[in-house]
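Participant: Under the numbering used here, think of the first position of the sequence shown as 5, with each following residue one higher. The C-beta atom is built at its ideal place from N, Cα and C for all residues, glycine as well. Okay, here's the structure, questions in a sec.
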Amino acid sequence: MGETTVPFLDLSRRDEEMHAEVSEAFARVLRGGRFILGPEVSSFEEEFASYCGVRHVIGVASGTDAIVLALKALGISPGDEVITTALSAPPTAVAVTLAGGRPLFVDIDPASRCIDPSEVEKSIGPRTRFLLVVHLYGRLADMEALSRIAREHELLVVEDCAQAHGARAGNRSAGCWSRAGCYSFYPTKNLGAYGDGGAVVTGDAELAQRLRSLRDYGRVDRDLLAEIGMNSRLDELQAALLRVKLRRLEAWNRRRRELARRYQEGLADLPLDLPSWDGDEDHCFHLWVTGCEERDALRSYLGEKGIETAVHYPVPLHLQKPYLVGGRPVFSCPEAERFCARALSLPLYPYLSDREQEAVISAVREFYRRHRTYACGGNAART
């Protein structure tokens, strides 16, 4: 590996611009002396609700907790089946298990890389109660088709929006297509905190009230429990920071889309499975992920050039050890397996410079010039 010249992600660049505002926000919290469920959390919840176009936001301790709490608030029972995608980060599956559910992993649509509605419909059984939809890499899944299936089979829908801050379809934000949308504010997200944090968004006032109780042990006041909940509360410092960042989120997402267009144009003639995207304004490009048969060789070559890359995700959820039975997979998800073996994430974040991105594009193109024979997407080609 050579010296890093293009980092995969550099959060310090973003933070330099906001230093004065963040310092003032933190000072405001320190002066107020309220650190848990205070005015900063309430204000952030109102502002994020307005941004998403939803009535209620409930700040919690992490994106994983957001899913757990949403499932619990909707009445999940031990052993209830929860259909979800095989292609996501491990916390998606872990949250289902922590909530007491049994995940049913189904395959992806190879074009969108999100859960395939036709596979969902085939997987519904007598114990299936929930559909957990993941909006992957910043793109919404096909919520119209999934919502129709859920209505027909009386499934409760929860959205995992951990990678979809600002993503929309038909002018509806991620999280607003179901009873509950679950966000993560992990530092690397499009809207990230300085630690863990999360939120559930909902238009259901009764559900919101129960979520507020469940995140605070199940209390209805300081000394009275209504049920057994969790300690999962977004703290004041993180909320104050998120309020500063929320004002920049749309601009950051515009820059992400600009960088995505440059990748699409600069790499269009190469044997890569580029993200399926028609250039609309709704994809928020949390990640820019391509697929290629030569993934490992390409990644090694870029590393030698000082360009950091990542793989999202090397192992699909149905092949993760806790979900095997007798060491063997229970579910068949060939498209997810195929994509995981080929996925490669290139640097994309708002403060990536044009010059750095040009270096990435140039290096990828150079790799293919040097490898005169290649195969990708099932098609052999020669430069």
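#1: Does the beta-carbon distance from Leu215 to Ala77 come in below 8 angstroms?
#2: Relative to the C-alpha of Ala93, which residue among Asp84, Thr68, Val61, Trp292 is closest?
#3: Measuring CA to CA, which of Arg117, Asn194, Gln242 is closest to Phe39?
#4: For Ile112, does the count of other Cβ atoms within 10 angstroms reach 16, so buried, or fall short, so exposed?
#5: Roughly how many angstroms lie between the CA atoms of Leu238 and Leu302, to the nearest whole one?
#6: Grouping DSSP H, G and I as helix and E and B as strand, with all else coil, what is Tyr221?
#7: Tell me whether Thr192 sits in a helix, a strand or coil according to DSSP, three-state version.
#8: Is it the case that the segment 366 to 375 contacts the segment 37 to 51, given that we only count it when at least three CB pairs across the two stretches are under 8 angstroms?
#9: Can you tell me whether Glu44 is helix, strand or coil according to DSSP?
#10: Mark Lys396 as exposed unless 16 or more other C-beta atoms lie within 10 angstroms of its C-beta, in which case mark it buried.
#11: Let me make sure I understand the geometry here. Which of Arg259, Glu298, Cys288 has the alpha-carbon closest to that of Leu276?
#12: Whole angstroms is fine: what's the gap from Tyr198's alpha carbon to Leu15's?
#13: From this set, Arg332, Ala244, Pro279, which residue's C-alpha is nearest Arg35's C-alpha?
#14: Among Ser116, Pro114, Asp164, which one has its Cα closest to the Cα of Leu135?
#15: If we require 4 or more residues per run, which alpha helix (DSSP H) segments fall completely within the segment 291 to 347?
#16: Name, in chain order, the residues that DSSP records as bridge partners for Asp239.
#17: For Leu224, does the count of other Cβ atoms within 10 angstroms reach 16, so buried, or fall short, so exposed?
#18: If you draw a straight line from the C-alpha of Gln33 to the C-alpha of Arg346, how long is it?
#19: Let's test the definition: count the other Cβ atoms within 10 Å of the Cβ of Lys193 and tell me whether it reaches 16, buried, or not, exposed.
#20: Taking the alpha helix (DSSP H) that Gly202 belongs to, which residues open and close that run?
#21: So Gly270 is in the alpha helix (DSSP H); what residue range does that whole segment cover?
Facilitator: In short, the structure shows the following:
#1: yes
#2: Thr68
#3: Gln242
#4: buried
#5: 40 angstroms
#6: coil
#7: coil
#8: no
#9: helix
#10: The chain is shown only over 5 to 387; residue 396 falls outside these bounds and no answer can be derived.
#11: Glu298
#12: 10 angstroms
#13: Ala244
#14: Asp164
#15: 299 to 308, 338 to 344
#16: Ile40
#17: Per the sequence shown, the amino acid found at residue 224 is Val instead of Leu. Flag for Val224 reads exposed.
#18: The sequence shown places Val at residue 33, rather than the Gln named in the question. Their backbone Cα atoms lie some 46 angstroms apart in a straight line.
#19: buried
#20: No alpha helix (DSSP H) contains Gly202, which is instead part of the beta strand (DSSP E) from 202 to 206.
#21: 253 to 270
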